[in-house]
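Colleague: This structure is in C-alpha coordinates; I'll ask about it shortly.
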(Lines of atoms letter the chains of each structure in order from A and count residues from 1; the text may use other names and numbers.)
(Lines give C-alpha, C1' and ligand atoms only; values in the text may rest on other atoms or scores of the structure.)
Protein backbone atom coordinates (compact mmCIF):
# COMPACT_ATOMS: atom_id res chain seq x y z
CA UNK A 1 0.00 0.00 0.00
CA UNK A 2 1.31 3.45 -0.87
CA UNK A 3 1.61 6.15 1.73
CA UNK A 4 -0.98 8.26 -0.06
CA UNK A 5 -3.65 5.53 0.04
CA UNK A 6 -6.17 5.49 2.82
CA UNK A 7 -6.79 2.18 4.60
CA UNK A 8 -10.53 2.34 3.84
CA UNK A 9 -9.86 2.79 0.13
CA UNK A 10 -7.44 -0.13 0.15
CA UNK A 11 -10.09 -2.32 1.78
CA UNK A 12 -12.74 -1.18 -0.70
CA UNK A 13 -10.42 -1.88 -3.63
CA UNK A 14 -10.06 -5.46 -2.43
CA UNK A 15 -13.81 -6.03 -2.00
CA UNK A 16 -15.75 -8.35 -4.29
CA UNK A 17 -17.43 -6.08 -6.89
CA UNK A 18 -20.50 -8.29 -7.17
CA UNK A 19 -21.21 -8.25 -3.44
CA UNK A 20 -20.60 -4.47 -3.26
CA UNK A 21 -23.05 -3.96 -6.13
CA UNK A 22 -25.71 -6.19 -4.56
CA UNK A 23 -25.34 -4.53 -1.16
CA UNK A 24 -25.63 -1.09 -2.74
CA UNK A 25 -28.65 -2.19 -4.74
CA UNK A 26 -30.39 -3.44 -1.59
CA UNK A 27 -29.69 -0.17 0.25
CA UNK A 28 -30.96 1.89 -2.71
CA UNK A 29 -34.15 -0.14 -3.00
CA UNK A 30 -34.81 0.05 0.74
CA UNK A 31 -34.15 3.80 0.71
CA UNK A 32 -36.47 4.42 -2.24
CA UNK A 33 -39.34 2.23 -1.05
CA UNK A 34 -39.24 3.14 2.64
CA UNK A 35 -41.65 6.01 3.19
CA UNK A 36 -41.08 9.10 5.24
CA UNK A 37 -38.10 10.24 7.23
CA UNK A 38 -36.27 6.91 7.30
CA UNK A 39 -36.29 6.64 3.51
CA UNK A 40 -35.18 10.25 3.18
CA UNK A 41 -32.31 9.80 5.61
CA UNK A 42 -31.17 6.61 3.86
CA UNK A 43 -31.29 8.41 0.51
CA UNK A 44 -29.26 11.31 1.89
CA UNK A 45 -26.78 8.83 3.38
CA UNK A 46 -26.36 7.33 -0.09
CA UNK A 47 -25.79 10.86 -1.42
CA UNK A 48 -23.12 11.42 1.24
CA UNK A 49 -21.37 8.24 0.13
CA UNK A 50 -21.55 9.40 -3.47
CA UNK A 51 -20.07 12.77 -2.45
CA UNK A 52 -17.16 10.99 -0.79
CA UNK A 53 -16.62 8.84 -3.88
CA UNK A 54 -16.89 11.87 -6.14
CA UNK A 55 -14.37 13.85 -4.10
CA UNK A 56 -11.92 10.95 -4.04
CA UNK A 57 -12.03 10.23 -7.76
CA UNK A 58 -12.58 13.76 -9.12
CA UNK A 59 -9.04 14.24 -10.45
CA UNK A 60 -9.00 11.07 -12.54
CA UNK A 61 -12.46 11.34 -14.13
CA UNK A 62 -13.21 12.74 -17.56
CA UNK A 63 -15.32 15.92 -17.69
CA UNK A 64 -18.30 13.99 -19.09
CA UNK A 65 -18.15 11.53 -16.20
CA UNK A 66 -17.96 14.38 -13.71
CA UNK A 67 -21.07 15.96 -15.22
CA UNK A 68 -23.04 12.71 -15.10
CA UNK A 69 -22.02 12.11 -11.49
CA UNK A 70 -23.02 15.64 -10.50
CA UNK A 71 -26.42 15.23 -12.18
CA UNK A 72 -26.98 11.91 -10.39
CA UNK A 73 -25.92 13.45 -7.09
CA UNK A 74 -28.33 16.34 -7.60
CA UNK A 75 -31.18 13.93 -8.35
CA UNK A 76 -30.36 11.78 -5.32
CA UNK A 77 -30.27 14.77 -2.97
CA UNK A 78 -33.53 16.08 -4.46
CA UNK A 79 -35.26 12.73 -3.91
CA UNK A 80 -33.90 12.53 -0.37
CA UNK A 81 -35.09 16.01 0.53
CA UNK A 82 -38.49 15.39 -1.08
CA UNK A 83 -38.91 12.23 1.01
CA UNK A 84 -38.08 14.18 4.16
CA UNK A 85 -40.82 16.73 3.48
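Residue numbers (the numbering used here): 50 to 134. Virtual Cβ for every residue (Gly too), placed ideally from N, Cα, C. Quick caveat: nothing in here was measured; it's all calculated off a predicted structure.
Classify residue 104 as buried or exposed, calling it buried when 16 or more other Cβ atoms lie within 10 Å of its own Cβ.
Modeller: Exposed.
Colleague: Taking only the alpha-carbon atoms, compute the straight-line gap between residue 69 and residue 56 and give it to the nearest angstrom.
Modeller: Those two C-alpha atoms are separated by around 17 Å.
Colleague: Using C-beta distances below 8 Å, list every residue in its chain close to residue 96, excluding the 5 sequence neighbours before and after it, in chain order.
Modeller: Cβ neighbours of residue 96 beyond the five flanking positions: 122, 125, 126 and 129.
Colleague: Are the beta-carbon atoms belonging to residue 61 and residue 93 less than 9 Å from one another?
Modeller: Their beta carbons are not under 9 Å apart, which means residue 61 does not touch residue 93 by this criterion.
Colleague: Which value, in whole angstroms, describes the spacing of the CA atoms of residue 59 and residue 80?
Modeller: Approximately 27 Å, taken between the alpha carbons.
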